[in-house]
Each structure stands twice: as structure tokens, then as C-alpha cells.
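K.L.:
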Amino acid sequence: MSTTTNAADTPSSMFRIEQLNEANWVPWKRRVTAILRERGLLKIVEGTMQKPVAADPDKPTKDERKEREHWEELDGKAQTQIELTLSDSQMVHIAGAKTAAEMWSQLKQVKERGGKLGILSLRRRLYRTIADDATDIATHVTELRRIQEELAILGSLVSDEDILMLIISSLPRVLG
8 MSTTTNAADT PSSMFRIEQL NEANWVPWKR RVTAILRERG LLKIVEGTMQ
58 KPVAADPDKP TKDERKEREH WEELDGKAQT QIELTLSDSQ MVHIAGAKTA
108 AEMWSQLKQV KERGGKLGIL SLRRRLYRTI ADDATDIATH VTELRRIQEE
158 LAILGSLVSD EDILMLIISS LPRVLG
């Protein structure tokens with residue numbers, strides 16, 4: 008079973024990205040954000056382009072109906088883009104969402120553990136990640152960088168100098 012999305016008639020036809028799973032929120036979010044931005048859908052997902060409301064909801068003008076229909080079309084495209092890039096196990100996180108902005112918000116709530124506890128958990132993982140003799144060094148460095156990026160998203164910056172020190176100190180004695 009493939010975990011990538013790529014089909015000629017789907018919203019992600021120009022892009023091949025790994026579906027969201029338990030461990031790839033940061034790169035998935037970055038790639039999907041780029042796709043949404045390229046397709047003019049990012050404002051919909053971020054909630055900054057909200058559904059237009061008619062001055063008189065009972066009697067919307069032709070222009071108001073057209074505006075609403077355009078927004079609904081964009082929202083539908085954004086929802087589809089998100090849904091088609093989620094693995095089956097992640098679909099539960101968007102249950103009940105009626106708009107793309109709600110989907111995005113629900114995913115962020117689950118994946119971006121905010122606050123001090125989330126930062127503490129990530130920092131603990133950063134400092135406790137150790138490579139052994141069998142560990143691929145490139146994979147190890149990538150994991151430390153990924154944690155650094157997740158911390159930055161939560162507002163807790165780890166300098167490149169600190170990451171370098173962590174990499175060196177986390178290598179096996181033979182390499183370090």
C-alpha cells in the first residue's frame with residue numbers, strides 16, 4: 008500500500024508528498040502549506056478568507072450568491088487537498104470539521120502540542136536522542152533537526168550551535 012499521493016486527476020497531481028502519519032507533521036505541514044499557497048487556498052485554510060455573509064441572509068443579491076459560491080468552491084478544493092494527503096489513521100483528527108479551516112485547526116490542535124508540556128516533551132526527546140553503532144548518522148542528524156524545527160514552531164528556539172553540540176555529543180564514541 009502506497010503512502011504517497013499522486014494521481015493525474017487529483018488536487019495533488021503536480022506534487023508527490025508522503026501522507027500525514029504519526030511522525031511527519033512538520034514536513035507534511037510545510038509541503039501542504041506550499042501546495043495550498045500555490046493553489047491560492049492558504050487564506051481559506053488559515054481562516055483569513057471567511058465565508059461571505061449576505062447583508063440580508065433571506066434575500067442575498069446575485070453578487071453575494073456568486074461570492075459565497077466562489078468561497079464554497081475554494082473551501083471544497085482546500086478540504087479535498089487536506090483529505091487526500093492524510094493517511095487513514097489520521098482521518099479521525101478531522102472528523103466533524105465542516106470547513107477546511109476547521110480541518111486545519113483540528114490537525115494543529117492534535118499535532119502541535121502547545122504550551123510548556125509540549126516544549127518539555129520535545130526538549131526531553133532532543134536531549135535523549137542518542138545514536139548507537141548501528142544508527143545511520145544522516146537519519147540521526149535529520150531526526151535532531153526535525154525536533155529543532157518542531158520546537159521552533161512552538162516558539163522554543165534551539166540554536167544551530169546547540170544542535171551541533173547535541174549532534175557531536177550524541178554520536179557513538181567511535182565516531183564522536
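Position one of the sequence shown corresponds to residue 8 (this note's numbering), numbered consecutively onward. All C-beta atoms in this analysis are idealised placements derived from N, C-alpha and C, irrespective of residue type, glycine included.
Just how far apart, CA to CA, sit residue 62 and residue 54?
P.N.:
Near 20 Å, if we compare the C-alpha coordinates of residue 54 and residue 62.
K.L.:
Excluding the five sequence neighbours on either side, which residues of its own chain have a C-beta within less than 8 Å of the C-beta of residue 67, listed in chain order?
P.N.:
61 and 75.
K.L.:
Can you look up residue 51 in the DSSP assignment and give me helix, strand or coil?
P.N.:
If DSSP states are grouped into helix, strand and coil, residue 51 belongs with the helices.
K.L.:
Less than 8 Å between the CB atoms is what I'm expecting for residue 7 and residue 107, so what's the real figure, rounded?
P.N.:
Given a span of 8 to 183 for the chain in the structure shown, any question on residue 7 remains unanswerable.
K.L.:
Using C-beta distances below 7 Å, list every residue in its chain close to residue 138, excluding the 5 sequence neighbours before and after it, in chain order.
P.N.:
For residue 138, where only same-chain residues beyond five positions count, the Cβ hits under 7 Å are 144, 147, 177, 178 and 179.
K.L.:
Using 8 Å as the threshold, is the C-beta distance between residue 129 and residue 158 below it?
P.N.:
In this structure, residue 158 lies closer than 8 Å to residue 129 by Cβ.
K.L.:
Which first and last residues belong to the alpha helix (DSSP H) in which residue 84 is found?
P.N.:
Where residue 84 is concerned, the enclosing alpha helix (DSSP H) stretches over 69 to 90.
K.L.:
Within a Cβ cutoff of 8 Å, which residues of the same chain sit near residue 8, ignoring the five residues on either side of it in sequence?
P.N.:
Its pLDDT being 44, under 50, residue 8 is placed unreliably by the model, and the measurement read from it follows with that caveat. Nothing meets the Cβ criterion.
K.L.:
Tell me the DSSP secondary structure of residue 137 in three-state form.
P.N.:
Three-state DSSP puts residue 137 in coil, outside helix and strand.
K.L.:
According to the Cβ coordinates, are residue 150 and residue 136 closer than 8 Å?
P.N.:
Going by C-beta atoms, residue 150 is nearer than 8 Å to residue 136.
K.L.:
Taking residue 153 and residue 33 to be in contact with their CB atoms under 8 Å, please state how far apart those CB atoms are, rounded to whole angstroms.
P.N.:
That belief holds up - the Cβ atoms of residue 153 and residue 33 are roughly 6 Å apart, short of 8 Å.
K.L.:
As a quick exercise: from 83, 140, 175 and 169, pick the residue whose alpha carbon is nearest that of residue 4.
P.N.:
Coverage of the chain is limited to positions 8 through 183, which leaves residue 4 absent and any answer about it impossible.
K.L.:
Taking 8 Å as the cut-off, decide whether the C-beta atoms of residue 49 and residue 40 are in contact.
P.N.:
In contact: residue 49 and residue 40 (Cβ atoms closer than 8 Å).
K.L.:
Can you give me the start and stop residues for the alpha helix (DSSP H) that residue 148 sits inside?
P.N.:
That run of the alpha helix (DSSP H) goes 144 to 160.
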